[in-house]
Amino acid sequence: MSRTFVGMPVFPPPTHPAFPEAARDAVHNHTLRSNLRHATHTIRAKRARAVAELSDWDRLREAGRLIKDHTLRHLDRYLVQLEESVTAAGGTVHWAVDAAEANRIVAELVKATGESEVVKVKSMATQEIGLNEALLEEGIRAYETDLAELIVQLGNDRPSHILVPAIHRNRGEIRDIFRTEMGAWGRPAPDGLTDTPAELAEAARLHLREKFLRAKVGISGANFMVAETGTLVVVESEGNGRMCLTLPETLISVVGIEKTVPTWQDLEVFLQTLPRSSTAERMNPYTSMWTGTTDEDGPRAFHLVLLDNGRTDALADQVGRQALRCIRCSACLNVCPVYERAGGHAYGSVYPGPIGAILSPQLRGTASEIDASLPYASSLCGACYEVCPVAIDIPEVLVHLRERVVEGGVAVRQGNKVVLKPAKGHAAERAAMRAARWAFSHPGALRTGQRLASRTRRLHPRTLPGPGRAWSATRDLPAAPAEPFRDWWQRTRGGKDGAK
Amino acid sequence: MRVALFLTCVNDTLYPDTGRAVVKLLTRLGVEVDFPMAQTCCGQAHYNTGYRHEAEPLARHFSDVFGEYEAIVTPSGSCGAMIRELYPRMGERARAEGRGDTLAAVLAPVVPKTYELTEFLVDVLGVTDVGACYPHKVTYHPTCHGLRGLGLGDRPRRLLQAVEGLELVELPGAEECCGFGGTFALKNADVSAAMGADKVRNAESTGAEVLCAADNSCLMHIGGTMTRLAVGMRPVHIAEILASTEEETAV
Ligand code: SF4
Chain A
1 MSRTFVGMPV FPPPTHPAFP EAARDAVHNH TLRSNLRHAT HTIRAKRARA VAELSDWDRL
61 REAGRLIKDH TLRHLDRYLV QLEESVTAAG GTVHWAVDAA EANRIVAELV KATGESEVVK
121 VKSMATQEIG LNEALLEEGI RAYETDLAEL IVQLGNDRPS HILVPAIHRN RGEIRDIFRT
181 EMGAWGRPAP DGLTDTPAEL AEAARLHLRE KFLRAKVGIS GANFMVAETG TLVVVESEGN
241 GRMCLTLPET LISVVGIEKT VPTWQDLEVF LQTLPRSSTA ERMNPYTSMW TGTTDEDGPR
301 AFHLVLLDNG RTDALADQVG RQALRCIRCS ACLNVCPVYE RAGGHAYGSV YPGPIGAILS
361 PQLRGTASEI DASLPYASSL CGACYEVCPV AIDIPEVLVH LRERVVEGGV AVRQGNKVVL
421 KPAKGHAAER AAMRAARWAF SHPGALRTGQ RLASRTRRLH PRTLPGPGRA WSATRDLPAA
481 PAEPFRDWWQ RTRGGKDGAK
Chain B
1 MRVALFLTCV NDTLYPDTGR AVVKLLTRLG VEVDFPMAQT CCGQAHYNTG YRHEAEPLAR
61 HFSDVFGEYE AIVTPSGSCG AMIRELYPRM GERARAEGRG DTLAAVLAPV VPKTYELTEF
121 LVDVLGVTDV GACYPHKVTY HPTCHGLRGL GLGDRPRRLL QAVEGLELVE LPGAEECCGF
181 GGTFALKNAD VSAAMGADKV RNAESTGAEV LCAADNSCLM HIGGTMTRLA VGMRPVHIAE
241 ILASTEEETA V
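These protein sequence lines map, in sequence, to chains A and B. Mind the numbering: the first sequence is residues 1 to 500 in UniProt numbering, read in order. Mind the numbering: the second sequence is residues 1 to 251 in UniProt numbering, read in order.
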C-alpha cells in the first residue's frame, strides 16, 4: 500500500488560517451549504422533539451541570479513586500529561503485543492527540470502524462534526469514496455499488467485519468513567464499537480526565440527556460498559490512558472551566448558525462548532492565528447555550476568551501561571474601543460627533473604504438622520413644545 | 409613573424616529417619560468584543445617570440584556479579580429596574392593546438577546396581534440569528452576510411588507441586506408600529 495518510491529522496544521478566511470557501460552496443545512436542520428538529418529551428536562440539565461541576471541583480525588478501582478490577492505568506522552504510551503498549494493526472505536480524544499518525510512525496501522470515521479515513479527509464526522459528504460522494478507496485498505466495495443507504452500510459492514475478526488490539475512548467501580462506558449507535471493545485480546482506552463521574447513579442523568441531545434518540442502541478485565470474557488486558493535554489548565480558569462539563453530544453544533454556514473544517480542530470555539483556545492556548480567531466565530446568539444538556454558557466563555485575546492577562499553561500578552492585530480595534469609551464618557463629545454625522449626511458614501468594506460589501449603510434624538428632545422636550 | 428612556447610542445617533415613537407611545399610555441628557452607551459592544475593562466606566456612567429613576425603559433587547444579565456578571468578575464589591454595588440599583420596551408594556403597565393602528402585513423577527437573553417570549407578538389593521404572518426560522452580532458582522463578514441573506429570504417568503423587530441593530443589518438584495420589504422597529395610530399612521 502506497498511501501513508491515515485519516486524522493532528490539528491545527501549523499554518491553519484564521476562522474568517478558513470559513470563506465553505460559505460560498453551495453543495456543502445545502448538505450541512439539510443535516443540521433535520437533527435539530428531531432533538427538539426528543427533549420536549421529557417534562423534567430542565432538572436533568441542572443535575448534569451540578454533577459535572462537583466532579471537576474534586477531580484530584475522583481520579485517584478511579485509578484504584480500575487497578483492582484488573486494568492498568497510565497518566499522560500531553498528546506526545499519550501517543508514546499507546504505541509502546501495542508494540508489546507484537501486533502492527489496531481497530478503533470512534473517539474524540484519540483524534485530538493525533494517535493514528503517531502509531503509523511506529509502523502500526489504525483502522477506524465507525461508519462516518471510515468515510473520513478512506476519503483522506478531515472530520467536520463531533458525532457525524462526514456530515459534509452526501451519499454520492460516499459511494465514490468506497468504490475507489476501500480496496487499498482491505476488502473492496462490491461491484456496482449504488448510493442507497442500505448498500453503503452493507459495503462498510463487509469491509469492517474482516478487520474485527482479525484484530488483536482495540483502541477506544469513553463517554464516561465511573470512579467508584472503575467502569468505562461507550455510548454508540452502530455496534461497531462493541465489536472493538469485546473481540480483541487487548483493549486500550484513551480518555480525557474530565470524563469522570463519581457513581453509577450519576450515569442515570447523562444516559438520558446524551442520546436525546446527540442523535435525538430516547436511548442509544448500544451502551457498552466494562470494568477492568473478566476471565473468559472480552479482552485479556485492559489499559486506561488518562489524558490531560491542557485540561487542568482549563480547569484553573474560573470562567473557562465549564467547557470541561461537555459530554460531546454535538447539539450545539447542530443549532449553530455559524457552524451551519462555515462547516466544521473552518474551526481547525477536531472540536468544531461552538464547543470547539471555546475548547480549542483553552486546550491549545490563543497563540496561533486560528486559536485567537475562534472566540470571535460566533454572533453570540445563544442557541448553543439553550440546547446544551450540561448548561455550558458558551457565549460567556467566548466573551471571556475574547478578553484574553485582546487584553492578555493571567492564564495557566502546562500547569504554570503565565501572563499572556494581548494578541497582535488588535491595535486599531483597541484604539477605536478606547476612543469610543472616551466619547461615551463625555456626552458633549458624543453629541458633537452625532451632529457632525447628521450635518454631513449628504456627503456620506454608500460604501465604505478599509475595514468598513466588510460591512458595505453586502449591506447598505443606514442613512444618518437630520438630527440625533437628543437634539430633537432638547428642542422639543419630547414633543411638548409643539415640534414633532 | 416617571420613567427614564434609555434610547441607546445607536438609536440616538441613527434612529431618532424610534426614540420619538417610544416617547409618543408611552406618553399616550399615561407614562411621564424623561430622557436624561447625560446618557450615552451601555458598553455592550466593548464588553462583547472582549474589552470588559473599557466597558466598566460606561456601566458606571449608566448607573450614575439612571440610578435615581423608578424604571428605565429601552427599545433594544440586546442593550436591555447587557444591563440585566451582564452588569451583574461584570460585578462578579471585578470581585474575582480582587477588586472588591464596589463595582457590583454601583451597578446593582439599575439592574432590576431596567426593562425592554415590550416587557415594560406587558409586565409593568399590563397592556397588550396599546391602541395602535398599522394597516400592513407584518412578520416578526425575535432578536436573539431579546428571545434567549431576556426571555421576551410572546410579548412582542401579543402586542402586535392587538394592533388594529395589522396582519401578522409567521416568519420561517424566526428564532435563528440574523447574523448581526455586533462586531461579528465585521469580523466574520462572509458568515454574517450569509446569515443575513437567509433571514431576508425567509422574510420575503412570507409576503409581508414589513419585517418588525425590537432591536434596531439587527434591523440595520437586515435592512441593509434587504436593500442590497433589492427585496421589496422594509425593516420597522416595533415601537414605531405600536406608536402608530389611526390619526397619525406610521409607514
Ligand atoms: S458544549 Fe454542550 S451542547 Fe455542545 S457538545 Fe458539549 S455538551 Fe453538547
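Backbone N, C-alpha and C fix where the C-beta goes; we use that ideal spot for every residue, glycine too.
Q) Between the segment 304-316 of chain A and the segment 384-401 of chain A, are three or more C-beta pairs nearer than 8 angstroms? A) no
> Would the beta-carbon of S360(A) fall within 8 angstroms of that of L304(A)?
Replying inline: In the first sequence, the residue the question calls residue 360(A) occupies position 360. In the first sequence, the residue the question calls residue 304(A) occupies position 304. Taking 8 angstroms as the Cβ cut-off, S360(A) and L304(A) do not qualify as a contacting pair.
_Quick check: is the beta carbon of H237(B) nearer than 8 angstroms to any beta carbon in chain A?_
In the second sequence, residue 237(B) corresponds to position 237, counting from 1. For H237(B), the answer is no, since every Cβ of chain A falls outside 8 angstroms of its Cβ.
Min CB distance Y143(A) to chain B below 8 angstroms
On the first sequence, residue 143(A) is found 143 positions in, with the first residue counted as 1. No, no contact with chain B.
- Item | Any C-beta of chain B under 8 angstroms from that of M433(A) | On the first sequence, residue 433(A) is found 433 positions in, with the first residue counted as 1. It does: the Cβ of M433(A) has a partner Cβ on chain B nearer than 8 angstroms.
Which residues in the same chain have their Cβ closer than 8 angstroms to the Cβ of P13(A), if we skip the five residues on either side of it in sequence? Along the first sequence, read from residue 1 onward, the residue named residue 13(A) stands at position 13. At P13(A) the pLDDT is 49, less than 50, meaning the model places this residue with poor confidence; the figure from the coordinates comes in the next sentence. Counting only Cβ-Cβ distances below 8 angstroms, and skipping sequence neighbours, we find G348.
**Item:** Any C-beta of chain E under 8 angstroms from that of V200(B)
**Value:** Absence of chain E from the displayed structure is noted, the protein chains being A and B.
Could you confirm whether any beta carbon from chain B is found closer than 8 angstroms to the beta carbon of S160(A)?
As a working note, residue 160(A) is residue 160 in the first sequence. No, its Cβ sits nowhere closer than 8 angstroms to a Cβ of chain B.
*asked:* Quick test of your reading: L29(B) and L159(B), contact by CB under 8 angstroms. State the CB separation rounded to the nearest angstrom.
replied: Numbered from 1 along the second sequence, position 29 holds the residue referred to as residue 29(B). Numbered from 1 along the second sequence, position 159 holds the residue referred to as residue 159(B). Between L159(B) and L29(B) the Cβ distance is about 12 angstroms, and since that is not below 8 angstroms, they are no contact.
Exercise for review: Tell me whether A201(A) sits in a helix, a strand or coil according to DSSP, three-state version.
Suggested key: Position 201 of the first sequence, counting from 1, holds the residue named residue 201(A). A201(A) falls in the helix class under three-state DSSP.
- Message: Quick check: the Cα distance between P112(B) and A134(A), rounded to an integer number of angstroms?
- Response: Here residue 112(B) corresponds to residue number 112 of the second sequence, with the count starting at 1. Here residue 134(A) corresponds to residue number 134 of the first sequence, with the count starting at 1. About 56 angstroms.
I'd like to confirm the pairing. Which residues does DSSP put opposite P188(A) in its beta bridges?
The residue you call residue 188(A) lines up with position 188 of the first sequence. P188(A) pairs with nothing; no bridge assigned.
task: Would you kindly work out how many angstroms separate the C-alpha atoms of S105(A) and M90(B), rounded to a whole number?
output: For the purposes of this step, residue 105(A) is taken as residue 105 along the first sequence, with counting starting at 1. For the purposes of this step, residue 90(B) is taken as residue 90 along the second sequence, with counting starting at 1. First, the residue type needs correcting, since residue 105(A) is Ile and not Ser in the sequence shown. Looking at the two C-alpha atoms, the distance is approximately 44 angstroms.
Could you check what DSSP says for P285(A) in three-state terms: helix, strand or coil?
Residue 285(A) sits at position 285 when you count from the first residue of the first sequence. In this structure, P285(A) counts as coil in the three-state DSSP scheme.
Item to complete: Within its chain, find whatever has a CB closer than 6 angstroms to the CB of V138(B); leave out the 5 residues flanking it on each side and keep chain order.
Response: Counting from one through the second sequence, the residue named residue 138(B) turns up at place 138. Correct list, in chain order: L166, L168, A208, V210, C212.
Review point. Would you report the Cα separation of R475(A) and V118(A), rounded to the nearest angstrom?
Key: Here the question's residue 475(A) lines up with position 475 in the first sequence. Here the question's residue 118(A) lines up with position 118 in the first sequence. The straight-line gap from Cα to Cα measures roughly 53 angstroms.
*Roughly how far, in whole angstroms, is the beta-carbon of P17(A) from the beta-carbon of E429(A), given that I think they are within contact range, below 8 angstroms?*
Numbered from its first residue, the first sequence carries residue 17(A) at position 17. Numbered from its first residue, the first sequence carries residue 429(A) at position 429. The Cβ separation is near 19 angstroms, so there is no contact.
Is the CB-CB distance between V110(B) and I72(B) below 8 angstroms?
-> For this step, residue 110(B) is matched to residue 110 along the second sequence. For this step, residue 72(B) is matched to residue 72 along the second sequence. Their beta carbons are under 8 angstroms apart, which means V110(B) touches I72(B) by this criterion.
Would you call the segment 217-226 of chain A and the segment 240-257 of chain A touching, i.e. three or more CB-CB distances under 8 angstroms? yes
Just to make sure I have the definition right: I need the residues of chain A whose C-beta is within less than 7 angstroms of the C-beta of C41(B). Which are they? For this step, residue 41(B) is matched to residue 41 along the second sequence. What C41(B) touches in chain A: F440.
_Euclidean distance between Cα positions of G7(A) and N156(A)_ = Translated into positions along the first sequence, residue 7(A) becomes position 7. Translated into positions along the first sequence, residue 156(A) becomes position 156. In this predicted model, G7(A) has a pLDDT of only 42, less than 50, meaning its place in the structure is not dependable enough to derive any value.
Does any residue of chain B have a CB that is nearer than 8 angstroms to the CB of T368(A)?
By 1-based counting over the first sequence, the position of residue 368(A) is 368. Per the sequence shown, residue 368(A) should be read as Ser rather than Thr. No, its Cβ sits nowhere closer than 8 angstroms to a Cβ of chain B.
Measure from the C-beta of A108(B) to each C-beta in chain A and report whether the shortest distance is under 8 angstroms.
Locating residue 108(B) in the second sequence gives position 108, where the first residue counts as 1. Chain A contact via Cβ: absent.
(message) Here's a check: name, in chain order, each residue in its chain whose Cβ is nearer than 8 angstroms to the Cβ of A88(A), leaving out the five neighbours to either side.
(response) One-based indexing of the first sequence puts residue 88(A) at position 88. Cβ neighbours of A88(A) beyond the five flanking positions: G230, G292.
Taking the beta carbon of L459(A) as the centre, do at least 16 other beta carbons fall within 10 Å, making it buried, or is it exposed? Locating residue 459(A) in the first sequence gives position 459, counting from the first residue. The residue in question, L459(A), is exposed, as its Cβ has fewer than 16 Cβ neighbours within 10 Å.
Is the CB-CB distance between V10(B) and N188(B) below 8 angstroms?
Looking up residue 10(B) in the second sequence gives position 10. Looking up residue 188(B) in the second sequence gives position 188. No, the pair does not count as a contact, with Cβ atoms beyond the cut-off.
TODO: Using a Cβ-Cβ cut-off of less than 7 angstroms, list which residues of the segment 142-157 of chain B approach chain A; keep chain order.
DONE: C144, R148, G149
The ligand SF4 heavy atoms versus the CB of A331(A): any closer than 7 angstroms? By one-based count along the first sequence, residue 331(A) stands at place 331. True, at least one ligand heavy atom lies under 7 angstroms from that Cβ.
- Report the residue from V335(A), V399(A), E281(A) whose alpha carbon sits nearest the alpha carbon of T40(A). To locate residue 40(A), count along the first sequence from 1; it is residue 40. Per the Cα distances, V335(A).
> Can S379(A) be considered in contact with the ligand SF4, in the sense that its beta carbon sits closer than 7 angstroms to one or more heavy atoms?
Replying inline: Position 379 of the first sequence, counting from 1, holds the residue named residue 379(A). No, the beta carbon of S379(A) sits no closer than 7 angstroms to any heavy atom of the ligand SF4.
Does any residue of chain A bring its CB to less than 8 angstroms from the CB of F66(B)? Translated into positions along the second sequence, residue 66(B) becomes position 66. Judged by the 8 angstroms Cβ criterion, F66(B) is not in contact with chain A.
Practice problem: Can you grab the Cα-Cα spacing for the pair R300(A) / E108(A), in whole Å? | Solution: For the purposes of this step, residue 300(A) is taken as residue 300 along the first sequence, with counting starting at 1. For the purposes of this step, residue 108(A) is taken as residue 108 along the first sequence, with counting starting at 1. Approximately 17 angstroms between the Cα atoms of the pair.
Are the Cβ atoms of Y96(B) and A104(B) separated by less than 8 angstroms?
For the purposes of this step, residue 96(B) is identified with residue 96 of the second sequence, where counting begins at 1. For the purposes of this step, residue 104(B) is identified with residue 104 of the second sequence, where counting begins at 1. This sequence places Ala at residue 96(B); Tyr is not what is there. Cβ distance not < 8 angstroms, so A96(B) and A104(B) don't count as in contact.
| task | Could you tell me whether any non-hydrogen atom of the ligand SF4 is closer than 7 angstroms to the CB of V399(A)? | result | Taking the first residue of the first sequence as 1, we reach residue 399(A) at position 399. No, the Cβ of V399(A) stays beyond 7 angstroms of every heavy atom of the ligand SF4.
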